[in-house]
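For the sequence shown, the working numbering gives the first residue as 186, with consecutive numbering after it.
Report on the structure given below.
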Amino acid sequence: MKIFLRPRLIQQLSNIYKRRWLTQGCTETKDLELTNDIKHRIEKYWRASLSRGNFNLQSLDNKFYVLSMFPYPSGNLHMGHVRVYTISDTVARFQRMCGLNVFQPIGWDAFGLPAENAAIQRGIEPKEWTEQNILQMKQQLQDLGCSFDWKHEMSTCSPEYYRWTQKLFLMLHKEGLAYQNEALVNWDPVDKTVLADEQVDANGCSWRSGAKVEKKLLKQWFIKTTAYAKQLLDGLEDPTLRDWRDIINLQRHWIGECDGYSFQLLTSAATSLRVWTPNPEHFKDPNAFVVLKTTHYLAKDKKNAFNITIENPFTGTIMPVIFSDTPVFADKCDVYLAAPSFVEEDKELQESLSLSFFASEDLNTKKHNLEAMRLDVLESAKRLKIGGFKVSSKLQDWLISRQRYWGTPIPIIHCDKCGVVPVPDEQLPVVLPEKLEIDKNRQEGLKCTCPKCQSPEATRESDTMDTFVDSSWYYLRYLDPQNSEAIFDQNLISQTMPVDLYIGGKEHAVLHLYYARFMNHFLHSQGLVHCSEPFSRLLVQGMVMGRSFRIKGSGRYVQEHEVDIVNAKKNQAVLKKTKEPVIMTWEKMSKSKMNGVDPSDMFREYGTDATRLIVLADVAPTSHRNWSSATFPGILNWQKRLWLTVNEFCELRSSSEENEKIDVNSQEFLAEDEKLFDARNFYVKGATFNFRHTHQLSVGISKMQGLTNSLRRTPKHVMRYGKQYERALASQIIMLAPMAPHFASELWSKFASASNRINSTSPELQWHEDVLSQRWPEIDQEYQLDLAIKVNGFENCCIKIPRSHIDKVTHNDALDLAFNTDSVTSYLIDKKIRTTNFVLYPGIEAILNIYVDKVKQEKKNPSTDPPNEEALH
């Protein structure tokens, strides 16, 4: 007999079995000791069922976009990777448990020199090498338990991605913001490519090959980022930017003070010359001339150096170009605009150089028209697309040309008849040919037909783009990676940008952030994105440092097993074989310094979740992490205590033995239960604050360990019958889940099976769901929270307010409460209040800050008086 089931019933049965599997663990209560074997068994069992990213594009009102900086697919994770992705995943899982629609994408910054060099060494295509590395790293990230939205995965070396990178270049070119010009560049003779100034070390050597860098004059492609310098500088004041701290100062220093104007003028040598001046009205001087330092790259061409001129587009006159170091040049600027009709020193220089002098109107008359002349010059420059925007003297345009194969092809065609021709949109992408094929006959491989005149003798641009171009806009494409009709869906972008939390290393705090901000500002000016700043909040994580050992005399690095440590505190050691002194220091992990730690070894020895917890514990994410096994026992013991606690709970709850009758209404029992009520709320409050507001995840771990201590101190009969114990233990496991998802899943399966679900006092728990589907614990409505009153930064008193009321407290309410408090009013007698501000952390605490001016004669007893606000800094 056949039995037919309705589809809905089939789905219901499927859900029942799924839930049963999700809540059924792989260990038994008898497994009291948490061994490495059990850890590995747990992680293997839960890995496939851990919740993945599932961003809902149909519900964007409560979106949370958490983004870790674009990884390069090197093939193997290092501890820096483990740290950044563990932080990112912990935040993402926490926000999901708080009910937000979290978007946590991942992809690959896949172009670049390392892949090309590695492929050359192995005699294979860079594409093949890169794709192998991507598969390998993807598996490692999945083993790490990261809940990325893999449906949005993308790679910059895919034509589907770099098609739109090329489109961005053409948009910039159309606006006059992408141009080609000769430049004196840093040339790596080994890697045979241009290097940015930041890729050359203090000794003038390439950061990658180690070769001595040469100076070479080449025709290069630039992006005119200087056109947005003032916008990018002002954007650092955007109130949406949070936790940028010293990054703002780094960006300000890079951009510089925008106290002048930049112009791009064509010389008779067919080069484009950047002229910076604080006085654009000086272009109106018919006697104006340009002075270049004798070290300027145009002086290298001795043949033409003394015959260069510039047509002044604002007067129609010809400006001589002079090589001299006489004028006072602006900071890091080797070009000076001289105006003899305006500046006496320039007139003297003109006479000393025997330059001809044209008749001009009276100087005194000109002074009255300076503002009008300035405006005319600036408006004309912008109309002619030759500059006229505010910028510092030191900031240069972004040189994006790279003379390497493995990068995004620049979509430009060179034709003898038509000159520089942009590739039409319908011909994008300009696909990168196979490297081995193009190496056989480079000229033939670059041949193409000119889109304008149809000449078959045109050639494609051979340079590729700097990989920073690829990563300057990836955060937008992540949201819409499958779109083949447009660079992205503007409506989707308007609902999801800016990025809520951007996580990455400080080494990218200047260049990458600057270029990404520039690209977003440009797209904003084109009406394609609604916000000018792309990243709202930053979490700049510190590096993972390893202890290195370097022989004092030669500087050669050796491995730890080759040395005897004499005095660890004083960093003293000697080489075992020769007894030579060895310098011990903490440095960024690297193979060359022999101080790296392979994450795979950590996973194998301690387990994935233990590694995640170790990475997060002890120090804040923003601080450097000195990697030492001496710090491991704290986390490993905590795991064991949690394991023991849950197993004891299961054993007590499942026991059928009836011991002495327990009076659950006795004062002693209720007092113990009340302690757990206080402990649960206190530690939930602390952990929530550190997860949500400060991202001090290490402090969050400390709070959770405090809750564990409270649970461990609880008498057995309260563990068995206490209503608050069950709630506290549930909160403990749930708060652990974002950081250690495998381990927490197993703990939850044990806990849920042993809990008294019928008489449970925790209606907020979803008993048939896994731990990662639970809601983050809430503070009870009747629990008393703090309204802290601070005077000049020091706490004066603390007013207790129930959780149910604190979110309703306003600034005025806080002032009323403060001034009805004796400790505040007595301290403020004869003191003048300068200002007050009120900060509310919903559901956690509120702070009223009062800033006062002190009366001088009251400074008799400084030990009892808090210092004034200035002293705090």
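Think of the CB as a built atom: it goes at the ideal place given N, C-alpha and C, for glycine as much as any other residue.
Rounded to whole angstroms, what is the Cα-Cα separation between residue i and residue j?
i            : j            : result
residue 1036 : residue 980  : 12 Å
residue 369  : residue 382  : 11 Å
residue 929  : residue 872  : 16 Å
residue 532  : residue 541  : 11 Å
residue 1038 : residue 1014 : 11 Å
residue 206  : residue 909  : Unreliable placement is indicated for residue 206, whose pLDDT of 42 sits below 50; no coordinate value is reported for it.
residue 463  : residue 298  : 39 Å
residue 218  : residue 593  : 54 Å
residue 757  : residue 770  : 10 Å
residue 396  : residue 387  : 13 Å
residue 631  : residue 296  : 20 Å
residue 413  : residue 530  : 32 Å
residue 704  : residue 252  : 17 Å
residue 955  : residue 935  : 11 Å
residue 738  : residue 306  : 33 Å
residue 437  : residue 691  : 15 Å
residue 619  : residue 235  : 39 Å
residue 790  : residue 802  : 18 Å
residue 782  : residue 886  : 23 Å
residue 269  : residue 1005 : 47 Å
residue 674  : residue 668  : 8 Å
Just to confirm, is the Cβ distance from residue i to residue j under 8 Å?
i           : j           : result
residue 303 : residue 310 : no
residue 494 : residue 504 : yes
residue 524 : residue 461 : no
residue 774 : residue 729 : yes
residue 482 : residue 563 : no
residue 409 : residue 651 : no
residue 291 : residue 333 : yes
residue 876 : residue 595 : no
residue 527 : residue 497 : no
residue 734 : residue 743 : yes
residue 798 : residue 768 : no
residue 866 : residue 991 : no
residue 655 : residue 586 : no
residue 826 : residue 897 : yes
residue 427 : residue 722 : yes
residue 238 : residue 289 : yes
residue 142 : residue 294 : For residue 142 there is no data in the structure shown, the boundaries of the chain being 186 and 1058.
residue 225 : residue 792 : yes
residue 425 : residue 471 : no
residue 466 : residue 322 : no
residue 352 : residue 678 : no
residue 379 : residue 584 : yes
When DSSP builds the beta bridges, which residues end up paired with residue i?
i           : result
residue 400 : 371
residue 643 : 633
residue 758 : 750 and 767
residue 733 : 770
With respect to the beta strand (DSSP E) encompassing residue i, which residues constitute its N-terminal and C-terminal limits?
i           : result
residue 912 : Where residue 912 is concerned, there is no enclosing beta strand (DSSP E), although the alpha helix (DSSP H) it sits in stretches over 908–921.
residue 766 : 766–773
residue 982 : 979–987
residue 302 : Here residue 302 belongs to no beta strand (DSSP E); instead the alpha helix (DSSP H) covers 298–307.
residue 349 : It is not in any beta strand (DSSP E) - residue 349 instead sits in the alpha helix (DSSP H) that spans 344–359.
residue 249 : 248–253
Check the C-beta distance from residue i over to residue j and give it rounded, since I have them as a contact under 8 Å.
i           : j           : result
residue 448 : residue 572 : 4 Å
residue 210 : residue 931 : 5 Å
residue 702 : residue 450 : In fact, because the Cβ distance is near 28 Å, the residues do not count as touching under 8 Å.
residue 971 : residue 993 : 15 Å between Cβ atoms; not a contact.
residue 476 : residue 521 : 4 Å
residue 839 : residue 939 : 6 Å
Could you give the residue range of the alpha helix (DSSP H) that holds residue i?
i            : result
residue 1004 : 996–1004
residue 275  : 264–282
residue 871  : 852–874
residue 222  : 221–231
residue 825  : 817–839
residue 886  : 882–897
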